[in-house]
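Have a look at the structure below before the remarks.
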Amino acid sequence: MTADPGSVPTEVPPQVSTKAPDRAAPQGPAPTSPRRGGTARLALALLLPGLLALLLTYALPLVWVVRMSFNESMDGGLIRQTFSLATFGEVLSSSHYWNVIGQTIELGALVTVFTLVVSYPVALFLSRTTSRWRSLLVALAIAPLLISSVARTFGWMAILGSQGVINKTLTGIGVIDSPLHLANNLTGVVIASTEIYMPFAILAMISGFGRLDPALEHAAASLGAPRRTVFRRVVLPLTLPGVLTAALLVFVLSLSGYVTPRLIGGGRVFVLATEIYDEAITSLDWPVAAVLSMLLLALFGVVIAVYLWAQRALEARFTGPGEARS
Numbered sequence: 148m149t150a151d152p153g154s155v156p157t158e159v160p161p162q163v164s165t166k167a168p169d170r171a172a173p174q175g176p177a178p179t180s181p182r183r184g185g186t187a188r189l190a191l192a193l194l195l196p197g198l199l200a201l202l203l204t205y206a207l208p209l210v211w212v213v214r215m216s217f218n219e220s221m222d223g224g225l226i227r228q229t230f231s232l233a234t235f236g237e238v239l240s241s242s243h244y245w246n247v248i249g250q251t252i253e254l255g256a257l258v259t260v261f262t263l264v265v266s267y268p269v270a271l272f273l274s275r276t277t278s279r280w281r282s283l284l285v286a287l288a289i290a291p292l293l294i295s296s297v298a299r300t301f302g303w304m305a306i307l308g309s310q311g312v313i314n315k316t317l318t319g320i321g322v323i324d325s326p327l328h329l330a331n332n333l334t335g336v337v338i339a340s341t342e343i344y345m346p347f348a349i350l351a352m353i354s355g356f357g358r359l360d361p362a363l364e365h366a367a368a369s370l371g372a373p374r375r376t377v378f379r380r381v382v383l384p385l386t387l388p389g390v391l392t393a394a395l396l397v398f399v400l401s402l403s404g405y406v407t408p409r410l411i412g413g414g415r416v417f418v419l420a421t422e423i424y425d426e427a428i429t430s431l432d433w434p435v436a437a438v439l440s441m442l443l444l445a446l447f448g449v450v451i452a453v454y455l456w457a458q459r460a461l462e463a464r465f466t467g468p469g470e471a472r473s
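Count along the sequence shown from 1, then add 147; that gives the number in the working numbering.
Here it is in C-alpha cells:
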C-alpha cells in the first residue's frame, strides 16, 4: 500500500507480548570461591600450632593420668599395669582422703567468701568512678599479680608468724601476752590466699559489672528509695553476674592451690593439691596420686555445673525463663 502524499506518517507502536516469561532453568550449586577456600586453609594453619600444643600439654597428659588411675601400686614404688578399680576403692574407703577432700572444699569456700567480701567494694568503686586516675587505680589493684605467689606467700609467713609483724606489734602495745596462732593452720592459709586471689576477683567483677547503670540508681533515689534499698534492690542484683564469675574463678584457684597451703600451713593443712604431690613425689604412689587427680577434676566439674546452673537461674530472673532457655 502506498502512503498518501498529504498524510503525516505515524509510527506503529510495538506490540507488547503477553506471553509469560519462561521460568529460569534450575541452576546447580554455586562454585566455591577459591578465595574462601584459601581463607579456610589459612585459618586451619593458624589454629594448628595451638591445637597441637593443647594436645601435647593437656590432652595426652590427661589420658596418661586416667590410665594410671586404673593401675595398682606395689611395694617399693613399683606399679602393676592392670585395669582395675582397686585403687579407687582404696582411696574412697579411706577416712584420711575424705578428710582431705572436706578440708579442700572448706578452704575453697572460706577463701571465696572472704575474697568476695573484701574485693566487692574495691571493684564497685573502680567500675563507678569517673576520676581521671581510674586507670592508675585499676593498675594498682592488679599490681600484686606482677609478684610471684611464692614471694607473696613468704611475705605472709613473715607477717603471720609467731615472731611476725602482727604478733610483735600486738605484744609491744600490750594487747596480747602470748603470740596468736596465725600460721601453720587453716586460718593463716585463708588470710594469705584471700590476699593472693583478690586481684583475680577484682578483674572478674569489673568485667561483669556491665549491667550496672548509674541512671538506674538515680531513678530509684528520685522515687524516694534510701541508699540501703537502692543497693539491695538495684546495685546488688545487677552486679551478681560479676560476683558469680569471680566466685567461680577464686574457688577453682583455691581448690588447686599448692604453694600457700604448703608454706603457710606448715604441713598441717592437707588439701588435694598437697596430697597429690606427696603421693607422687614422696611416696611414689602414682596410682593413688592419679586417683586423687581424677577426684579433683570431678570436683571441678561439679563446681562448673553449679556455676552454669546459677548463671542460667540469674539470667532467667533478669530476662525471663523463655529467653534464658534460648
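Think of the CB as a built atom: it goes at the ideal place given N, C-alpha and C, for glycine as much as any other residue.
Remember, it's a predicted structure, so these values are computed and weren't measured experimentally.
Distance CB(residue i)-CB(residue j) smaller than 8 Å
| i | j | result |
| --- | --- | --- |
| PRO373 | ARG275 | no |
| PRO346 | LEU292 | yes |
| THR407 | VAL336 | yes |
| SER216 | VAL449 | no |
| LEU455 | LEU391 | no |
| GLN250 | VAL453 | no |
| ALA351 | ALA393 | yes |
| LEU287 | ARG281 | no |
| VAL238 | THR341 | no |
| VAL435 | SER295 | no |
| LEU442 | ILE248 | yes |
Straight-line Cα distance separating residue j from residue i
| i | j | result |
| --- | --- | --- |
| SER241 | GLY414 | 20 Å |
| SER440 | ILE323 | 43 Å |
| ALA348 | GLY224 | 41 Å |
| ASN314 | PRO326 | 5 Å |
| PHE261 | ILE423 | 26 Å |
| THR376 | LEU329 | 38 Å |
| TRP211 | PHE447 | 19 Å |
| ASN246 | LEU419 | 10 Å |
| ALA200 | ARG214 | 21 Å |
| ARG358 | THR300 | 35 Å |
| ALA457 | LEU333 | 28 Å |
| PRO388 | ALA270 | 13 Å |
| ILE353 | ALA233 | 47 Å |
| ILE226 | ILE320 | 58 Å |
| LEU198 | ALA192 | 10 Å |
| TRP433 | ARG409 | 20 Å |
| LEU385 | LEU396 | 19 Å |
| PHE356 | TYR267 | 11 Å |
Environment of residue i [buried if 16+ CB atoms lie within 10 Å]
| i | result |
| --- | --- |
| LEU402 | buried |
| LEU263 | buried |
| TYR205 | exposed |
| ASP151 | Note that ASP151 scores a pLDDT of 48, beneath 50, so its modelled location is shaky; the value from the coordinates is reported in the next line. Exposed, because fewer than 16 other Cβ atoms sit within 10 Å of the Cβ of ASP151. |
| ALA561 | As shown, the chain starts at 148 and ends at 473. That puts residue 561 outside it, with no answer to give. |
| THR229 | exposed |
| GLU426 | buried |
| ILE411 | buried |
Cut-off 7 Å between Cβ atoms - residues of its own chain near residue i, not counting five sequence neighbours on either side
| i | result |
| --- | --- |
| GLY255 | PHE398, SER401 and LEU402 |
| SER369 | none |
| TYR405 | ALA420, THR421 and TYR424 |
| LEU363 | VAL381 |
| ARG464 | none |
Enclosing alpha helix (DSSP H) for residue i [first to last residue]
| i | result |
| --- | --- |
| THR392 | 383-402 |
| ASN246 | 242-275 |
| TYR344 | 333-355 |
| PHE235 | 233-239 |
| MET304 | 296-307 |
| TYR424 | 419-424 |
| LEU284 | 281-289 |
| THR318 | 312-319 |
Cβ neighbours of residue i in the same chain (closer than 8 Å, five flanking residues each side left out)
| i | result |
| --- | --- |
| SER278 | LEU284 |
| ILE289 | PRO346, ILE349 and LEU350 |
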